[in-house]
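Before any comments, here is the structure.
Numbering (our numbering), first residue to last: 440 to 521.
Structure, rendered in structure tokens:
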């Protein structure tokens, strides 16, 4: 096992943990009736702030997922090659 396989394995683990953290930070889209009943109505400013933060997290999730798949494909190629 070469140094590149080890470094790539560590990178895949770190990127996978980042994906998990970013997904857990995203707000659920099922507020529905339970939020309205419990008085969870948001103000206009807090709704826009949440949408902006969620949009950034969604965009970041896409980029991190692409990076994860590229790293996984490269790691698989190196494993089959060597």
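Just so it is clear, CB atoms sit at the ideal spot from N, CA and C, and this is done for glycine as well. Owing to the predicted nature of the structure, the values given are computational and were not obtained by experimental measurement.
{"Query": "Is residue 491 near residue 461, with beta carbons less than 8 Å apart?", "Result": "no"}
{"Query": "On the DSSP letters alone, give me the boundaries of the alpha helix (DSSP H) that residue 448 sits inside.", "Result": "442 to 464"}
{"Query": "List the whole-angstrom C-beta distance separating residue 450 from residue 510, where the pair is believed to meet the contact cut-off of C-beta under 8 Å.", "Result": "6 Å"}
{"Query": "Evaluate residue 519 with the Cβ neighbour count: other Cβ atoms within 10 Å of its Cβ, from every protein chain shown; 16 or more gives buried, anything less gives exposed.", "Result": "exposed"}
{"Query": "Going by other Cβ atoms of all chains shown within 10 Å of its Cβ, with 16 needed for buried, is residue 464 buried or exposed?", "Result": "exposed"}
{"Query": "Please classify residue 447 as buried or exposed, where buried requires at least 16 other C-beta atoms within 10 Å of its C-beta.", "Result": "buried"}
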